[in-house]
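To keep things clear, I will list the structure first and then write my remarks on it.
2 protein chains.
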Amino acid sequence: MVTVGIKEVARRAGVSPGTVSNVLNRPERVAPATRTRVEEAIRDLGFVRNGSASTLRAGQSRAIGLVVLDVGNPFFVAVARGVEDVVSDRDHAVILCNSGESPAKQARNLRVLAEQRVRGVLITPVDDDTSVLRRLRDRGVAVVYVDHPASGDVCSVAVDDVAGGDLATSHLLAGGARRLAFVSGPPAIRQCSDRRRGALRALETAGLPADALTDIVVPEMNAHGGRLAAETLLSDGLPDAVFCANDLLALGVLRALSQAGVQVPRDVALIGYDDIEFSSAAAVPLSSIRQPMYQLGKLATELLLEECDDPAGHAHQQIMFQPELVVRESSSP
Amino acid sequence: MVTVGIKEVARRAGVSPGTVSNVLNRPERVAPATRTRVEEAIRDLGFVRNGSASTLRAGQSRAIGLVVLDVGNPFFVAVARGVEDVVSDRDHAVILCNSGESPAKQARNLRVLAEQRVRGVLITPVDDDTSVLRRLRDRGVAVVYVDHPASGDVCSVAVDDVAGGDLATSHLLAGGARRLAFVSGPPAIRQCSDRRRGALRALETAGLPADALTDIVVPEMNAHGGRLAAETLLSDGLPDAVFCANDLLALGVLRALSQAGVQVPRDVALIGYDDIEFSSAAAVPLSSIRQPMYQLGKLATELLLEECDDPAGHAHQQIMFQPELVVRESSSP
DNA sequence: CTGTTAGCGCTTTCAA
DNA sequence: TTGAAAGCGCTAACAG
Chain A
4 MVTVGIKEVA RRAGVSPGTV SNVLNRPERV APATRTRVEE AIRDLGFVRN GSASTLRAGQ
64 SRAIGLVVLD VGNPFFVAVA RGVEDVVSDR DHAVILCNSG ESPAKQARNL RVLAEQRVRG
124 VLITPVDDDT SVLRRLRDRG VAVVYVDHPA SGDVCSVAVD DVAGGDLATS HLLAGGARRL
184 AFVSGPPAIR QCSDRRRGAL RALETAGLPA DALTDIVVPE MNAHGGRLAA ETLLSDGLPD
244 AVFCANDLLA LGVLRALSQA GVQVPRDVAL IGYDDIEFSS AAAVPLSSIR QPMYQLGKLA
304 TELLLEECDD PAGHAHQQIM FQPELVVRES SSP
Chain B
4 MVTVGIKEVA RRAGVSPGTV SNVLNRPERV APATRTRVEE AIRDLGFVRN GSASTLRAGQ
64 SRAIGLVVLD VGNPFFVAVA RGVEDVVSDR DHAVILCNSG ESPAKQARNL RVLAEQRVRG
124 VLITPVDDDT SVLRRLRDRG VAVVYVDHPA SGDVCSVAVD DVAGGDLATS HLLAGGARRL
184 AFVSGPPAIR QCSDRRRGAL RALETAGLPA DALTDIVVPE MNAHGGRLAA ETLLSDGLPD
244 AVFCANDLLA LGVLRALSQA GVQVPRDVAL IGYDDIEFSS AAAVPLSSIR QPMYQLGKLA
304 TELLLEECDD PAGHAHQQIM FQPELVVRES SSP
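Heads up: the sequence lines are chains A and B, in that order. Everything in the first sequence is counted per our numbering, starting at 4 for the first residue and increasing by one. Everything in the second sequence is counted per our numbering, starting at 4 for the first residue and increasing by one.
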């Protein structure tokens, strides 16, 4: 293991270590000729800055953390792309963590990020426990909530899930459905409870009782969860329409129902949420609620970096996007 | 920003900093009573070890890097899960990087990982340039190739892509196809060139000329690339069958062809590669080549950690899995 | 514009 | 079993 430090570079370039550091961090303060010499030495020696040393000395790293509920969900992949695109311009790195909707994993991820002394954290929290937030804050780590609305003391970028739930449900009701099922993950996940609230609101607006909506809760918001939900649907008797809290669930439901000989939308209407790319290519193209995923990641990152760069002058803001209904075959007879 | 260091913990527990460090790293060498006292102090103070300082002093971090071609591809997501599951048991972190099939981004990712002094790197390289590997090696970073066969001096875990290409093509030929198209990313991507070689082998076995296969190369191996390929297919005249280098491409092709009124498999047979979950749920369930994705990640990580733990006694090995044909509607009239 | 210098917080001998 | 002390490689004053 060859270790080339800033000292060797300095020696070879005939300058002091401090100058090498300046070339690395504030090149404009170094005379062009000197800079060139140092850069050559760096190249010749294959020097790579020791990030630990630099982080230790500088007090903070050039990395931010991104904690999502499910890396396997295209929704979060799109968010991550937005984050990446903003961050990579600024020579920062993104540490991507997956909480898998589990508070324990989320806590572990945050500990790792705290150990790494990341500058900030973008997080879609698994629940409403704000102690997480405070803990981070106390260590001087900036936090922005992604896809999770916040109140005054944090930045957040979210999409109106109540409106989305209303949109989806109103659409199903407009199609003639009267008995509905709502398939979702645990209600502790805010996206689930908000979308459900939206559904209830739509029911009320339509003058229907709240018990027109049956809840089917599954442990994971993916295709497997969807297949589980379909079993319940099949054994309990089909409703007129099914609203799934995300597209992965809806795809699983669709698949399992088809295999059981149930036809969508003839026998039951179906709508998902997120409008991931695969939904339009499904066996029955899936109606869904579209969200500005990439924008979510992009804007959240901009807010985070703004806060990092100027913690004092920064004013927290809560951004709320509006979702959009996309009608396809799965819900239109 | 409150900074709690090992010193404050030591003071509160009435021990020396060295002892706190021992509690953190070799708890068995500390008397149970002392240990308890220190652990309490850690908890009370909310101490989180400074990873930079510890990495700097220890010479290496408790993280490994994983560099994949496309985080948006479920294939790599499955691989990443395998990696995670192995690594999380050992109190290590995974830094997930996306090269997006670009050598420049790959180089940037590797520089970041080198800066972080990761213990090892799992990588699906974008091309056959081995200087990457050497560079890392010279710094004492262990490397394992994922989904990329290697020769004697590195560990690798891969799936036989030539066999897979043969499998897919033989299947199409058995269905009666005579004129074929192969849709893939740049041939510099080994997965593409190998699968193509397999296709040619199948052609030869069947006594058909190599020019029975038309190549359609697109810049990115995702659904968008697939749609691009479909345009070429439509304008150049449809072949009997299309073999796509991965399922994302195939899904894009399927979608664009359907929109143009072409029916699969009636007008043209189609097969993908990877057998991602979405493929079975597609408008026309997609035939594909199945690979042990999760196992790939798991085994690669085990090899990597083995090498990290005992670089001297470690013998490099190249693992090659065999792929499996999955026939669905898209290729069976 | 460049050099000197004092640590950042932790790990790890070595002694006690 | 525990403590004391010497840096790991780098950055950021400050001086020149």
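Just so it is clear, CB atoms sit at the ideal spot from N, CA and C, and this is done for glycine as well. Since this is a predicted model, take the numbers as computed values, not measurements.
- Between the stretch 162-180 of chain B and the stretch 201-210 of chain B there are three or more C-beta pairs closer than 8 Å, enough to call the two in contact.
- Rounded to whole angstroms, ASN76/B and GLU280/B show a C-alpha spacing of 11 Å.
- Interface criterion not met: the Cβ of ILE67/A is under 8 Å from no Cβ in chain B.
- Listed along chain A, the residues sitting closer than 7 Å to THR58/B by beta-carbon distance are SER55.
- Taking a C-beta cut-off of 8 Å against chain B, the contacting residues of the stretch 269-284 of chain A are GLU280, PHE281, SER283, ALA284, listed in chain order.
- Close to ALA263/A, with beta-carbon spacing below 7 Å, lies no residue of chain B; the smallest spacing is near 14 Å.
- At a cut-off of 3 residues, the continuous stretches assigned as beta strand (DSSP E) that sit fully inside the stretch 204-235 of chain A are 216-220.
- In its chain, beyond the 5 residues on either side, GLY228, LEU231, ALA232 have a beta carbon closer than 6 Å to the beta carbon of VAL221/A.
- Between VAL7/B and LEU48/B, the C-beta spacing is below 8 Å.
- Residues of chain B with a Cβ closer than 9 Å to the Cβ of VAL245/A do not exist; the shortest Cβ-Cβ separation is about 16 Å.
- Fully contained in the stretch 129-180 of chain A are the following beta strand (DSSP E) runs of length 3 or more, in chain order: 145-149, 158-162.
- Around the beta carbon of ASN28/B, fewer than 16 other beta carbons lie within 10 angstroms, which makes this residue exposed.
- Cβ proximity to chain A below 8 Å picks out nothing from the stretch 34-47 of chain B.
- Using a CB distance cut-off of 8 Å, ILE9/A does not count as an interface residue toward chain B.
- Counting only the Cα atoms, PRO30/B lies some 32 Å from ARG140/B.
- Inside the stretch 29-63 of chain A, DSSP marks no whole beta strand (DSSP E) run of 3 or more residues.
- In the DSSP annotation of this structure, ASN76/A is not part of any alpha helix (DSSP H), being labelled neither H nor E.
- SER154/B and GLN321/B have their C-alpha atoms spaced approximately 7 Å apart.
- When CB distances to chain B are screened at a threshold of 9 Å, not a single residue of the stretch 184-196 of chain A falls below it.
- Interface flag for GLY75/A against chain B is set, since a Cβ pair is found closer than 8 Å.
- In the structure shown, the three-state DSSP call for GLU104/B is coil.
- Contact between GLN63/B and ARG120/B holds: CB atoms are separated by about 6 Å, below the 8 Å threshold.
- The beta carbons of ASP164/A and GLN194/A sit closer together than 8 Å.
- From the beta-carbon of GLU234/B, no residue of chain A is found nearer than 7 Å; the closest lies around 17 Å away.
- Take SER19/A, set aside five residues on each side of it, and the residues of its chain with a beta-carbon closer than 8 Å to its own are ALA13, in chain order.
- Secondary structure note for GLN262/B: its alpha helix (DSSP H) is the uninterrupted segment 250-262.
- Of all residues in the stretch 108-134 of chain A, the ones placed with a Cβ closer than 7 Å to any Cβ belonging to chain B are ARG114, VAL115, ALA117, GLU118, GLN119, ARG120, in chain order.
- Here LEU72/B is near THR127/B, since their CB atoms are less than 8 Å apart.
- Check the Cα spacing between ALA180/A and each of GLY300/A, LEU211/A, GLN298/A: the tightest is with LEU211/A.
- The Cβ atoms of SER334/B and GLY201/B lie no closer than 8 Å to each other.
- Taking a Cβ-Cβ threshold of 8 Å, the residues of chain B close to VAL51/A are ARG114, ALA117, GLU118, ARG142, in chain order.
- Rounded to whole angstroms, the separation of the alpha carbons of ALA117/B and GLU11/A is 18 Å.
- Annotation for VAL23/B: ILE9, VAL12, ALA13, VAL41 place their beta carbon closer than 6 Å to its own, counting only its chain and skipping 5 residues before and after.
- Under the three-state reduction of DSSP output, GLY8/B falls in the coil class, being neither helix nor strand.
- Taking a cut-off of 8 Å on C-beta distances, the stretch 243-258 of chain A does not touch the stretch 301-320 of chain A, as fewer than three cross pairs fall below it.
- With respect to the 8 Å criterion, VAL149/A and VAL160/A are classified as neighbours on the basis of their beta carbons.
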